[in-house]
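I have placed the structure first, in the form of structure tokens, so that the comments after it can refer back to it.
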Amino acid sequence: MINEEKSLNFLEEIIEEDIRKGKHGGRVLTRFPPEPNGYLHIGHAKSIVLNFGLAQKYNGKTNLRFDDTNPVTEETEYVDSIKNDIRWLGFQWTEELYTSDYFEILYGYAIKLIKKGLAYVDDSTPEEIAASKGTPTEPGKPTPYRDRSVEENLRLFEAMRDGKFPDGAKVLRAKIDLANPNMHLRDPLLYRIKHAHHHRTGDKWCIYPMYDFAHGQSDSIEQITHSVCTLEFVPHRPLYDWLIEQLEIFPSKQYEFARLNLNYTVMSKRKLLQLVNERHVEGWDDPRMPTISGLRRRGYTPASIRNFCERIGVAKRENIIDVGLLEFCIREDLNKTAWRRMAVLDPVKLVITNYPEGREEILSGENNPEVAGGEGERDIPFGRELWIEREDFMENPPKKFFRLAPGLMVRLKHAYIVKCDDVVKDATGSVIEIHCTYIPESKSGEDTSGLKVKGTIHWVSVAHAKTVEIRLYDRLFNVENPAAEEDFKASINPDSLQIIKSAYVEPDLLNADPGKGYQFIRKGYFTLDTKSPSDKLVFNRTVTLRDTWAKEMQKE
RNA sequence: UGCCCGAUAGUAUAAUGGUAGUACGACAGAUUUUGGUUCUGUUUGUCUAGGUUCGAAUCCUGGUCGGGCAACCA
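Numbered per numbering that gives the first Met the number 0, the first sequence finishes at 555, counting up by one with no gaps.
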């Protein structure tokens, strides 16, 4: 293929068409509108990459707007974490805005609607209002307050603002159509009374606008050109348009896409909050959580997440993405950037019987074989006794086992070829030592032995090994779609975290940089846990390496 | 059984009336001092029934299946 296919998603097509027609002078302004009532997760990342990406692609801008219209659930802690996560992902918003900054304007919009005879104060209880809306198959009926005069509505709404009524005593409703087949148009609530402290406006207000009377209006105030949200807001769109039309304000347009679902995890803030509150995980940033902060602590990079969000595409069809694609994206990134190190997670001792007692050598290994020059080398001490991985030895191996077994030879990475001669067992019959002889002329880089071995294994010198803690993570749930279960918590994977209290690593790892990814050769990608105690290092496994041998073994 | 949205390989996503393509996965092979990486190849798809058309994944109609909508949440 000579010229690159552009292959636009449906939003890019809409925007390009708008630009072609000169709509808004070709201006593109999107917004990312989180409610500060929880931490951002990978689903938000899709929306962030989409909104910021669209603006970048079309020379536009993106506002960050906190949708803070419900003081009961919203907190400043969440505002800070959200800003931090967006920056970490690599995006910078044009303006930091809050719906609560528009409360006065919104109040004015409500007055305008009342004056046009398009809104009324309703004294009904929540139950009465629900009943007044009817059901999807039956039209609603007006409540006794629907035909109050403009003057009375004005007076009552002002009294609501002035705190004359308790919570729930009255609401402001749009006067549209109680028989409309779209439930959202059956006189939707616009304002409710909540005598609650707001994280930004304090106690200034005791009435707060509902989502439908805040979101579209905020879009309009900011002159957002393309307001991109998820599918569940499709039925709200007629109301979004109706309010803008009646208010005669800037005509922002809403477009909807299908939210991200990942298998083997949950994505709703309510469920994630439950996992945190009920201590199924350590917190919002537990490395098993699909939150941005969890993925960060796990060792995912911003580039890998951005890349993932681009690969999954954007459409209007419900989807469940295989978490394997996320893993592919982080491996792809880390393979190119992670420095290689050796670590033994499940050690057994290997003794080189023909290597002089007390002798040691300093060998060297390139940091990154994926880059020309290897990004330098580090020293690796070698000696007569080594730790190797227990699974790299088998007494009675199957035919295609390319590791250590009596009579077989392997290459010790960056070192020598060794041949297994003997094993030492304890009283219970388990192997405690593997005795080998090494081939002196097979040293890495100056091998004149002429020997060819199929396998190469990693190792750490017993005399120089450093002890660290390693945490291995697995999927948090045992079923593909936990949200579809009766009780999603019943399918929590009890083995999602495995802690290895003492693993042996090469000494250079004591200099590991926080925030950097390391490949423990043949074992996976790891990163320093940001909450390691100062007296010991803890490494989190980001993801395993692809393991075709393990897959082969499973087939048998 | 009211209204709305959707349906293309296992999972996603293109093809905008003219050769059904791409990525991930799976499978096979080559290379490899990581059973990693890289490279090559193979496999699998238009929900269904009609209609319009020289020609339909695409347009029309009916059906089927999936999802959403009746919070003083967003």
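We put the CB at the ideal spot given by N, CA and C, even for glycine.
Check                                                                                                                                                               : Outcome
Using a threshold of 7 Å, state whether the C-beta atoms of R287 and V280 are closer than that.                                                                     : yes
When we look at the beta-carbon of E3 and count the other beta-carbons within 10 Å, is it buried (16 or more) or exposed?                                           : Note that E3 scores a pLDDT of 47, beneath 50, so its modelled location is shaky; the value from the coordinates is reported in the next line. Exposed: under 16 other Cβ atoms inside 10 Å.
Express the C-alpha separation of S131 and L177 in angstroms, rounding to a whole number.                                                                           : 8 Å
Taking just the CA atoms, how far does R145 sit from P493?                                                                                                          : 55 Å
Return the chain-ordered list of same chain residues with a C-beta closer than 6 Å to the C-beta of D332, the five sequence neighbours on each side being excluded. : T300, A302, S303
Identify the continuous alpha helix (DSSP H) that holds E384 and give its terminal residues.                                                                        : Taken as a continuous stretch (DSSP letters only), E384 belongs to no alpha helix (DSSP H), being part of the beta strand (DSSP E) at 384-388.
When the Cβ atoms of the segment 102-109 are set against those of the segment 213-225, are three or more pairs found closer than 8 Å?                               : yes
For D218, which of helix, strand or coil comes out of DSSP?                                                                                                         : helix
Any chance the segment 424-434 sits against the segment 385-401, with 3 or more Cβ pairs inside 8 Å?                                                                : yes
Quick check on this structure: which residue in G323, I361, A118 has the alpha carbon closest to the alpha carbon of E376?                                          : I361
Do the CB positions of Y263 and Y354 come within less than 7 Å of each other?                                                                                       : no
Does E505 pass the burial test, meaning 16 or more other C-beta atoms within 10 Å, or should it be called exposed?                                                  : buried
I need the straight-line Cα distance from A489 to L274, nearest angstrom please.                                                                                    : 12 Å
Where are the alpha helix (DSSP H) runs, 4 residues long or more, that stay fully inside the segment 235-269, in chain order?                                       : 236-246
Decide if R557 is buried, meaning its Cβ has at least 16 other Cβ atoms within 10 Å, or exposed.                                                                    : Within the shown structure, residues of the chain are numbered from 0 to 555, placing residue 557 beyond reach of any answer.
So, for N367: in the same chain, excluding its five sequence neighbours on each side, which residues have a beta-carbon less than 6 Å away from its beta-carbon?    : W338, G373, E374
Between H235, R305, Q518, P405, which lies nearest to E369 when the distance is taken from Cα to Cα?                                                                : Q518
Taking the C-alpha atoms as reference points, what is the distance between C205 and F65?                                                                            : 19 Å
Mind checking whether Y38 and W283 have CB atoms under 7 Å apart?                                                                                                   : yes
Give me the Cα-Cα distance between H562 and V78, rounded to the nearest whole angstrom.                                                                             : Examination of residue 562 is not possible in this model, given that the chain is present from 0 through 555 alone.
Could you pull out every unbroken beta strand (DSSP E) segment of at least 3 residues lying fully inside the segment 142-180, listed in chain order?                : 170-173
Measure the alpha-carbon distance for Y97 versus G523 and round it to whole angstroms.                                                                              : 42 Å
Looking at the structure shown, is E376 part of a helix, part of a strand, or coil, going by DSSP?                                                                  : strand
When we look at the beta-carbon of E73 and count the other beta-carbons within 10 Å, is it buried (16 or more) or exposed?                                          : buried
What does the Cβ neighbour count give for K169, buried or exposed, with the cut at 16 atoms within 10 Å?                                                            : buried
Fully enclosed by the segment 425-500, which beta strand (DSSP E) runs are 3 residues long or longer?                                                               : 430-437, 458-460, 465-472
Taking just the CA atoms, how far does R191 sit from G162?                                                                                                          : 12 Å
Please return the same chain residues whose Cβ sits closer than 8 Å to the Cβ of P405, not counting the five positions on each side in sequence.                    : E394, C419, D420, D421, V422
If you compare alpha carbons, which of I81, Y119, L117, L63 is closest to W92?                                                                                      : L63
By DSSP's criteria, S303 is part of a beta bridge. Which residues make up the other side?                                                                           : None; S303 has no bridge partner.
DSSP three-state label for M408, please.                                                                                                                            : strand
Please report the distance separating the alpha-carbon of I351 from that of W548.                                                                                   : 27 Å
Measuring CA to CA, which of R545, C308, K56 is closest to T29?                                                                                                     : K56
Is it the case that the Cβ atoms of T61 and P208 are separated by a distance below 7 Å?                                                                             : no
In angstroms, rounded to a whole number, what distance separates the CA positions of P380 and I320?                                                                 : 44 Å
If G167 sits next to T526, beta carbons under 8 Å apart, how far is it from one beta carbon to the other, in whole angstroms?                                       : With a Cβ gap of about 49 Å, G167 and T526 do not count as contacting.
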